[in-house]
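Participant: Residue 142 in numbering that gives the first Met the number 0 sits at position 143 of the sequence shown, and the numbers go up by one each step. Sharing a structure with you now.
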Amino acid sequence: MRPSSRWTILEAGAGKGQLTIPLLRRLPGSTSYIAVDSSRGAYRDWLPQLTRLLDATRLRERVRVLNEDVRRMLSVKSQSVNAIVSNELLCDLPREAQLARAFREFSRVLVPGGIMIHGEWSSVPRKDQKSFQVTHNPSWNPDQLSIQASNAGFVGIEFCFFDTTLKFKGESAEREVESWAPAKHFLPKNKHILRKHGMRLPPEHIIFCHKPR
Ligand SMILES: C[S@@+](CC[C@H](N)C(=O)[O-])C[C@H]1O[C@@H](n2cnc3c(N)ncnc32)[C@H](O)[C@@H]1O
Numbered sequence: 000m001r002p003s004s005r006w007t008i009l010e011a012g013a014g015k016g017q018l019t020i021p022l023l024r025r026l027p028g029s030t031s032y033i034a035v036d037s038s039r040g041a042y043r044d045w046l047p048q049l050t051r052l053l054d055a056t057r058l059r060e061r062v063r064v065l066n067e068d069v070r071r072m073l074s075v076k077s078q079s080v081n082a083i084v085s086n087e088l089l090c091d092l093p094r095e096a097q098l099a100r101a102f103r104e105f106s107r108v109l110v111p112g113g114i115m116i117h118g119e120w121s122s123v124p125r126k127d128q129k130s131f132q133v134t135h136n137p138s139w140n141p142d143q144l145s146i147q148a149s150n151a152g153f154v155g156i157e158f159c160f161f162d163t164t165l166k167f168k169g170e171s172a173e174r175e176v177e178s179w180a181p182a183k184h185f186l187p188k189n190k191h192i193l194r195k196h197g198m199r200l201p202p203e204h205i206i207f208c209h210k211p212r
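Okay, here's the thing in C-alpha cells:
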C-alpha cells in the first residue's frame with residue numbers, strides 16, 4: 000500500500016490498536032484514519048483502551064473512532080474511503096452470510112479503485128512438537144476468502160503467505176495469550192505447558208484486492 004497524503008484509511012475491527020498505532024506511525028501525517036470496532040463481549044473494553052492510548056499520543060486528532068459493526072457502518076458515507084485494512088477480524092465473522100455482508104459493506108464505503116487488505120492467521124498450524132500450537136479456528140482459508148471477495152465484486156485478488164512465524168518463550172507466551180481475551184479456562188489449563196515449552200503462532204496470510212475502477 001502506497002497511501003497518498005489525502006487518503007482516508009478505515010481499519011475494521013481495530014480492537015485495542017495492535018495494528019492501529021504502529022500503522023498510523025508509518026502513514027503520512029495528513030492521512031485520515033477511521034478505526035471501527037463493535038467492542039462487544041470479550042472485546043468490550045478494547046475500544047475504550049484504544050481511545051485512551053490515542054489520547055495519550057499525538058495521534059488522536061487523526062483518528063475517528065467508531066463503535067459500530069463493520070457489517071453496517073452507519074457513520075461512514077458511501078465511496079468515502081480509499082483503503083480498508085484489518086488484522087484478525089475475519090475469523091470473528093465465521094458464517095458465510097456475516098462475511099458476505101461485511102465485504103458488501105466494505106465495497107459500499109470504498110471509492111472506485113479503493114483497496115482492501117486483510118491479515119489472518121492461517122487455518123493450518125505449522126508442525127512444531129516442541130512448543131504449544133495455536134490452532135486458528137474458526138478461520139477462512141484463501142480459497143473461501145477469494146470466492147467471498149469476488150462475490151462482493153472485488154477484483155485483482157491476491158494472497159501473500161509468510162514463511163516465518165513468531166515464537167514466544169516462557170512467561171512472554173503467557174502474557175501474549177492474556178492479551179487476546181482468551182476463554183476463561185484457557186490460561187489456567189495451559190499455563191504450565193506455555194511456560195515450559197513456549198508458544199508458536201500460526202503462519203499468516205494476507206488477502207489484497209480492490210474495487211473495480
Ligand atoms: C481478534 S480481535 C483483533 C483485534 C486487532 N485488529 C488486532 O490486530 O489484534 C478482533 C476484533 O474485531 C472486532 N470485531 C469482531 N466482529 C466485529 C464486527 N462485526 N464489527 C466490528 N468489529 C468487530 C472485535 O471487537 C475485536 O476487537
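Virtual Cβ for every residue (Gly too), placed ideally from N, Cα, C. Fair warning: this is a prediction, and the values are worked out from it, not measured in the lab.
Given this structure, state the Cα-to-Cα distance separating Ala41 from Leu65, to the nearest angstrom.
Facilitator: Mapped onto the sequence shown, residue 41 falls at position 42. Mapped onto the sequence shown, residue 65 falls at position 66. Ala41 and Leu65: Cα-Cα distance of roughly 18 Å.
Participant: Grouping DSSP H, G and I as helix and E and B as strand, with all else coil, what is Arg70?
Facilitator: On the sequence shown, position 71 is the one that residue 70 refers to. The answer is coil: DSSP assigns Arg70 none of H, G, I, E or B.
Participant: What are the boundary residues of the beta strand (DSSP E) that includes Trp120?
Facilitator: Taking the sequence shown and counting its residues from 1, the one referred to as residue 120 is at position 121. Where Trp120 is concerned, the enclosing beta strand (DSSP E) stretches over Leu109 to Trp120.
Participant: Look at the alpha carbon of Thr19 and the alpha carbon of Val123, and state the distance between them as a whole number of angstroms.
Facilitator: Position 20 of the sequence shown, counted from the first residue, corresponds to residue 19. Position 124 of the sequence shown, counted from the first residue, corresponds to residue 123. Distance between the alpha carbons of Thr19 and Val123: 26 Å.
Participant: I think Phe158 touches Ile205, with their Cβ atoms under 8 Å apart; what is that distance to the nearest whole Å?
Facilitator: Within the sequence shown, residue 158 is the residue found at index 159, counting from 1. Within the sequence shown, residue 205 is the residue found at index 206, counting from 1. 7 Å between Cβ atoms; contact.
Participant: Using only the alpha-carbon positions, how far apart do Arg5 and Lys190 sit?
Facilitator: Counting from one through the sequence shown, the residue named residue 5 turns up at place 6. Counting from one through the sequence shown, the residue named residue 190 turns up at place 191. Taking the straight line from one Cα to the other gives about 47 Å.
Participant: Looking at ligand 1, does it come within less than 8 Å of Trp45, judged from the CB to the closest heavy atom?
Facilitator: The sequence position of residue 45 within the sequence shown is 46, counting from 1. At least one heavy atom of ligand 1 is nearer than 8 Å to the Cβ of Trp45, so yes.
Participant: Counting pairs of Cβ atoms below 8 Å between the segment 23 to 33 and the segment 47 to 64, do you hit three or more?
Facilitator: Yes, the segment 23 to 33 is in contact with the segment 47 to 64.
Participant: Could you tell me the boundaries of the beta strand (DSSP E) in which Ser31 lies?
Facilitator: Sequence index remark: in the sequence shown, residue 31 carries index 32 (1-based). Ser31 to Val35 is the extent of the beta strand (DSSP E) around Ser31.
Participant: Could you give the residue range of the alpha helix (DSSP H) that holds Asn189?
Facilitator: Counting from 1 along the sequence shown, the entry for residue 189 is found at position 190. Residues Phe185 to His196.
Participant: In this structure, how does DSSP classify Phe105 when only helix, strand and coil are distinguished?
Facilitator: Within the sequence shown, numbered from 1, the residue matching residue 105 stands at position 106. Three-state DSSP puts Phe105 in a helix.
Participant: From which residue to which residue does the alpha helix (DSSP H) around Ser145 run?
Facilitator: As a working mapping, residue 145 is identified with position 146 in the sequence shown. Segment Pro141 to Asn150, the alpha helix (DSSP H) holding Ser145.
Participant: Using a threshold of 8 Å, is the CB atom of Val69 nearer than that to any non-hydrogen atom of ligand 1?
Facilitator: Taking the first residue of the sequence shown as 1, we reach residue 69 at position 70. Yes.
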